[in-house]
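Taking it in order: structure first as structure tokens, then the write-up.
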Amino acid sequence: MELTAHDIITWMKKTNEKIQSNKEHLTSLDQAVGDGDHGINMARGFKEVVVKLEDTSYESVSDALKDTAMTLMSKVGGAAGPLYGTAFLKLSTSLKGKSADYTHFLNGLEESLAGLKQRGKSQEGEKTLIDVWSPVIEKMKESDDFDASLLKHTAGDSMEKTKDIKATKGRASYLGDRSIGHLDPGSVSSFYVFEALAETIEGGR
Amino acid sequence: MELTAHDIITWMKKTNEKIQSNKEHLTSLDQAVGDGDHGINMARGFKEVVVKLEDTSYESVSDALKDTAMTLMSKVGGAAGPLYGTAFLKLSTSLKGKSADYTHFLNGLEESLAGLKQRGKSQEGEKTLIDVWSPVIEKMKESDDFDASLLKHTAGDSMEKTKDIKATKGRASYLGDRSIGHLDPGSVSSFYVFEALAETIEGGR
Amino acid sequence: MKKIVNNPEYVVRDMLEGLIAAHPDSLKQIPETTVVASKDAPLQNKVGIVSGGGSGHEPAHAGYIGDGMLDAAVCGEMFTSPTPDQVFEGIKAADGGAGVFLVIKNYTGDVMNFDMAAELAEAEGIEVEKIVVNDDVAVEDSSFTTGRRGIAGTIFVHKIAGAKAAAGGSLQEVKNIAEKVTANVRSMGVALTPCTVPAAGKPSFVLEDDEMEIGIGIHGEPGIERKRVTSADEIAEELTNKVLEDIEFNTGDDVALIVNGMGATPEMELYILNKKVNEILLERGLNIHKTFVGNYMTSLEMSGCSVTLLKLDEEMKPLLDAESSAPAFRI
Amino acid sequence: MKKIVNNPEYVVRDMLEGLIAAHPDSLKQIPETTVVASKDAPLQNKVGIVSGGGSGHEPAHAGYIGDGMLDAAVCGEMFTSPTPDQVFEGIKAADGGAGVFLVIKNYTGDVMNFDMAAELAEAEGIEVEKIVVNDDVAVEDSSFTTGRRGIAGTIFVHKIAGAKAAAGGSLQEVKNIAEKVTANVRSMGVALTPCTVPAAGKPSFVLEDDEMEIGIGIHGEPGIERKRVTSADEIAEELTNKVLEDIEFNTGDDVALIVNGMGATPEMELYILNKKVNEILLERGLNIHKTFVGNYMTSLEMSGCSVTLLKLDEEMKPLLDAESSAPAFRI
Ligand SMILES: Nc1ncnc2c1ncn2[C@@H]1O[C@H](COP(=O)(O)OP(=O)(O)O)[C@@H](O)[C@H]1O
Ligand SMILES: Nc1ncnc2c1ncn2[C@@H]1O[C@H](COP(=O)(O)OP(=O)(O)O)[C@@H](O)[C@H]1O
Ligand SMILES: [Mg+2]
Ligand SMILES: [Mg+2]
Ligand SMILES: [Mg+2]
Ligand SMILES: [Mg+2]
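Protein chains in written order, with this note's numbering: chain A, 1 to 205; chain G, 1 to 205; chain S, 1 to 331; chain Z, 1 to 331.
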């Protein structure tokens, strides 16, 4: 299977729907361990992404992802804006001039992860969205084509596991041990991103 | 009967006791129609009056009343400070060089009332402490000696009647018709003053 | 009641100590009084300007002490007018031989205590004049009330009378300009939450979770109407229109504006309100000469705001614009 | 949630309009951005100073724009770091050819967004340097956190870096002095009540009626300890001692002090706190060069305060004392 520019638009629309309907949930999670704006920020950003993608016609996956990245970068703010912006920009750059087949796409996601780590000066196990992106990508490497159910489950499990981690990056790190027991908001929004990707794939089959 | 300087001290001590134990009541009443400081202000003032009177020895009723007046004037503040200060100062001045027999004392109270009216630019029926001082003095005129029970009852009834008056002076006047149904805080503190005077007289019999 | 205080009975004393400690170069406390004065007061041959009132309205009034504004401020107990002897101390601290001008807000207690102080001062040969500020349009100005209350418009009286005195104006000239300001200034406020006097321990009134009180006084005195909290734009319209209705404003008139916070309202909200107030004034064809947004005349931790408009003329304008070193009103 | 707002999504936009309307002579908004700049920015051959961060901390940051302080402030959404493109606009607005200096508070989002903006600026040939302020001693400075947060101490960085730039300092000189200030400034705060982001609609955390949180962050981030509200004196001791412990202070050292209100705390309470803070510092043998009491770095309508101490030297002192025309920090 190969993703098209149209698939990217579907992916982002689905992500947006999930984020809009879970805006308050994300904000509550961020109120518990951060400053309570994650839902508001992500909702503002993805709403704009959908507007942008609907207003433009795309030839390539890379172009659609680039606009997604730039819109997130300029509309989300906070920690999540540069992080998601970087992730999608790296994916876009990696796919430039290439088809979005499984191998290329997965390579692109690896670039995204590297970008996240560099931008956030962080790594796995620090209770950030990296704890969803990294295991999802690891799991994808074991497969050789898109697998919606694998994606969903890995993302979901990884998100759940952030509960047990003690935060050492981002605002939640101020809580120290008290961060344990709470989901990481960025990991939850990342779960929506991958769940939406899974549904896009399913729809595309 | 004739009041002595010692009686004045007793009177003020008894007034102070009543005000201290009703400080919160007076403040609540003032919260309903004013700014909620009447109890606090009167308690601060009368506490100082007692300290002052206990620290000094007095030859005359007039001198004890003068110190009472000056202390209230400089410790109470707000509307009540100048009003009570003026009332006791007029009483003191009127009794200067005189014995505090019934006639002289009553004359003095009439001077007090005139002083209150002048200082407050107010008259009967405006829902102020004048609505206690004035009827008490009127009633006292019908008698030719101190009458504790008359004093208490007139003061008490008059205080109660302020409930039905619409305020046209002081902070309560901002409430207009909504001031009806509330006791006037200054009338309640004035009731304590006259009740204490009645008890002083009773004690002196 | 959650407050950063020690003994509630000593809040004013403690505050004054902390205030002087923060401004050792510009302010002094007159020993054993609650009077704060400019470090170099009295200034010889300058009319002294004295204001004051109950505490709890900070930065009013001590924050307005400075060159071009007040010489002394008399601080009463919480929401309680200061006593005549204290006001008299304030007058003496400000008296440089050219007379002293008193700025009084129209409350029975303030008027009586300041009047008595003026009598004491005159008995000692100090010439005293005064103004009673009554800018609050929420109160009906009739014989059935004690008249309109003095609220944030008082700041403009401080500023313009202060500038006149600093410019060498005589006591009578200072009085004349203060009367002009008072005749041309109007305000109205709103409260979203009440405040608690520390020694009282409970709020002075109660508002439901969705209620506001239009026309509130700065001691929590009742306003015109209690209603559901509306939008910033609607609040701006309600307050501004009520103020605009009260005196004649003509197209092209210069006005000065205060959007005043009651204490607990974030500056962000005051600016949001100011946006709409500006639009209304511009639509009315008025020329906004100067705008002041901030906490100028507060009610402890009350949340809410007030809108003050001063209709300016060519005499008042330069006096409003003149320099002031007062920490709460630097110009 | 009771607030004077219109649509909660547009609070920042509305606020900026009201802000510019209030300061038409000194401030401008860069069209279609959330950047506020000095009316006469950029100044040729002066190092431009740019600060910013999430909104909700007013008067931070736009209130510090003025001669001798900031050239531009970038306003993010509520408690949300501004985006790289906006910060880049701020940099361009402040760039007069001598380079631009960024004052960043140490939060992951701020650091990332400002870094990316610096990259964009450098790609366009604008020289950029920066400081990350981390004065909050409530946070452990270890590899297990993102490091200490930037809070009210940031104001001193604005002031002193701004004065250095105004005095003709080079970009490197501005950076050097900003690093010195950051190395010598420490703060700690306390919250008595939480605050509510308008679009969130509910408070960011809950405190019981008798509780306070020591070491609170300016976005409601958790502190060190939650305990019963104590007296002003005890709060002053707790905050000041924690700050004093953190760097070496010697008898006779000059310090500058900020007693900062979090938004809803009356000025009266800040002065009451200041009284005790002063006593503690004097007892320690320190020389209080200057004290600032007021709302400088707020968290909407949070009630509480913070204490900031800057250990001064002969280089910083005149820069702190230098003139500033910023409305929130006039000197
Ligand atoms: N250094 C970091 N590296 C990777 N992810 C991070 C880092 N810091 C924060 N995050 C992610 O960002 C999320 C918070 O985003 P958001 O609430 O929008 O930003 P802010 O903390 O600035 O308010 C966290 O839940 C976490 O997943
Ligand atoms: N003009 C007036 N004439 C006579 N009494 C008055 C007048 N104004 C107020 N009072 C009395 O003063 C009382 C209020 O006193 P207090 O609360 O101490 O002063 P304030 O209103 O300044 O807070 C009222 O209850 C009323 O009895
Ligand atoms: Mg957040
Ligand atoms: Mg009262
Ligand atoms: Mg009072
Ligand atoms: Mg944030």
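Just so it is clear, CB atoms sit at the ideal spot from N, CA and C, and this is done for glycine as well.
Checklist entry - Which whole runs of the alpha helix (DSSP H) in the segment 116 to 192 of chain G are 4 residues long or more, in chain order? => result For the segment 116 to 192 of chain G, whole alpha helix (DSSP H) runs of length 4 or above, ordered along the chain, are 130 to 141, 148 to 161.
Item to check | Own chain, CB closer than 6 Å to G/P185, minus 5 neighbours either side, in chain order | outcome: Cβ within range, chain order: L26, L29, D30, H38.
Checklist entry - In the structure shown, what three-state DSSP assignment does S/R186 receive? => result Under the three-state reduction of DSSP output, S/R186 falls in the strand class.
Checklist entry - By a C-beta neighbour count over all protein chains shown, 10 Å radius and 16 as the cutoff for buried, is A/R205 buried or exposed? => result At A/R205, the pLDDT of 44 sits below 50, so the modelled position is not reliable and the matter cannot be decided from this model.
Item to check | Cβ-based burial, Z/T308 [other Cβ within 10 Å; buried from 16] | outcome: With 16 or more other Cβ atoms within 10 Å, it is buried.
Next on the checklist: If the criterion is Cβ atoms closer than 8 Å, does the pair Z/T108 and A/Y174 meet it?
Outcome noted: It is not a contact, given that the beta carbons lie outside the stated cut-off.
Checklist entry - Name the chain S residues that come within less than 9 Å of Z/S303, Cβ to Cβ? => result Within chain S, K2, K3, I4, A264, E301 have C-beta atoms less than 9 Å from the C-beta of Z/S303, given in sequence order.
Next on the checklist: Could you check if A/A69 belongs to the surroundings of ligand 1, using beta carbon to heavy atom distance under 7 Å?
Outcome noted: Remark: the C-beta of A/A69 is outside contact range of ligand 1, defined as less than 7 Å to any heavy atom.
Checklist entry - Is it right to say S/I247 is buried, meaning 16 or more other beta carbons lie within 10 angstroms of its own, or is it exposed? => result With a 10 Å radius around the Cβ and a threshold of 16 neighbouring Cβ atoms, S/I247 comes out exposed.
Next on the checklist: Please confirm whether A/P185 has its beta-carbon closer than 8 Å to some beta-carbon of chain Z.
Outcome noted: By this cut-off, A/P185 is not an interface position.
Checklist entry - Do S/D103 and S/I126 have their CB atoms nearer than 8 Å? => result A small fix is needed here, since residue 103 of chain S is Val in this sequence, not Asp. Going by C-beta atoms, S/V103 is not nearer than 8 Å to S/I126.
Item to check | Validate contact between the segment 275 to 286 of chain Z and the segment 113 to 127 of chain Z using beta carbons, cut 8 Å, 3 pairs | outcome: Contact fails between the segment 275 to 286 of chain Z and the segment 113 to 127 of chain Z, because fewer than three Cβ pairs, one in each stretch, are under 8 Å apart.
Item to check | Local conformation of S/L19 per DSSP, three classes | outcome: In the three-state DSSP reduction, S/L19 falls in the helix class (H, G or I).
Item to check | Candidates Z/T298, Z/R228, Z/F249, Z/E225: closest to Z/I258 by CA position | outcome: The residue from Z/T298, Z/R228, Z/F249, Z/E225 with its alpha-carbon nearest to that of Z/I258 is Z/T298.
Checklist entry - If you measure from the CB of Z/H61, is any heavy atom of ligand 4 nearer than 7 Å? => result Outside the cutoff, so no.
Checklist entry - Considering only the beta carbon of each residue, do S/T33 and S/E89 sit closer than 8 Å? => result Cβ distance < 8 Å, so S/T33 and S/E89 count as in contact.
Item to check | Those residues which DSSP pairs with Z/F101 across a bridge | outcome: The secondary-structure analysis by DSSP pairs Z/F101 across a beta bridge with Z/I49, Z/E129.
Checklist entry - Which runs of the alpha helix (DSSP H) spanning at least 4 residues fall entirely within the segment 54 to 128 of chain A, listed in chain order? => result Given a length threshold of 4 residues, each whole run of the alpha helix (DSSP H) inside the segment 54 to 128 of chain A is given here in chain order: 61 to 75, 80 to 95, 102 to 120.
Checklist entry - Which residue spans inside the segment 203 to 281 of chain Z form an unbroken beta strand (DSSP E) run of at least 3? => result Secondary structure within the segment 203 to 281 of chain Z: the beta strand (DSSP E) runs of 3 or more consecutive residues, fully enclosed, are 211 to 214, 225 to 228, 254 to 261 (chain order).
Checklist entry - Closest Cβ-Cβ distance between S/S325 and chain G: below 8 Å? => result Not closer than 8 Å to any Cβ of chain G, the Cβ of S/S325 fails to qualify, so no.
Next on the checklist: With the cut-off set at 8 Å, would you say S/M316 and S/K175 are in Cβ contact?
Outcome noted: Note that the C-beta distance between S/M316 and S/K175 is not below 8 Å.
Item to check | S/Q44, DSSP secondary structure in three states | outcome: Residue state, collapsed to three classes: coil.
Checklist entry - What is the DSSP secondary structure of A/R205, counted as helix, strand or coil? => result Low local confidence applies: a pLDDT of 44 at A/R205 is under 50, so the model's placement there is unreliable, and no value is given.
Item to check | the segment 151 to 164 of chain G: positions lying closer than 8 Å to chain S by Cβ | outcome: Of all residues in the segment 151 to 164 of chain G, none has a C-beta nearer than 8 Å to a C-beta of chain S.
Checklist entry - Assuming G/I130 and G/S122 make a contact with CB atoms under 8 Å, what is their CB distance in whole Å? => result The pair is a contact, with the Cβ atoms about 6 Å apart (cut-off 8 Å).
Checklist entry - Using CA coordinates, which residue listed in A/G170, A/F146, A/G181, A/L151 is at the minimum distance from A/K163? => result Residue A/G181 holds the alpha-carbon nearest to the alpha-carbon of A/K163 among A/G170, A/F146, A/G181, A/L151.
Next on the checklist: Within 8 Å of any Cβ in chain A, is that where the Cβ of Z/N113 sits?
Outcome noted: At least one beta carbon of chain A lies nearer than 8 Å to the beta carbon of Z/N113.
Checklist entry - Going by Cα to Cα distance, which pick from S/G63, S/G52, S/G153 is closest to S/G217? => result For the residues S/G63, S/G52, S/G153, the minimum Cα distance to S/G217 belongs to S/G153.
Item to check | DSSP three-state assignment for Z/I4, whether helix, strand or coil | outcome: If DSSP states are grouped into helix, strand and coil, Z/I4 belongs with coil.
Checklist entry - Going by Cα to Cα distance, which pick from S/F79, S/A98, S/A37 is closest to S/Y64? => result Checking every option, the nearest Cα to that of S/Y64 belongs to S/A37.
Item to check | Interfacial residues, the segment 77 to 90 of chain S to chain G, with Cβ spacing under 8 Å | outcome: Listed by position, the residues of the segment 77 to 90 of chain S near chain G (Cβ gap below 8 Å) are E77, M78, F79, T80, S81, P82, T83, P84, D85, Q86.
Next on the checklist: Once DSSP output is grouped into helix, strand and coil, what is the label at Z/I177?
Outcome noted: Three-state DSSP puts Z/I177 in a helix.
Checklist entry - Whose C-beta lies closer than 7 Å to the C-beta of A/A69 among residues of the same chain, with five residues either side of it excluded? => result For A/A69, where only same-chain residues beyond five positions count, the Cβ hits under 7 Å are G85, F88, L89, S92.
Checklist entry - What separation, rounded to the nearest whole angstrom, lies between the Cα atoms of Z/A264 and S/V133? => result Roughly 27 Å between the two C-alpha positions.
Item to check | Identity of the residues DSSP links to Z/G294 by a beta bridge | outcome: Residue pairing of Z/G294 in beta bridges, as defined by DSSP: Z/N260.
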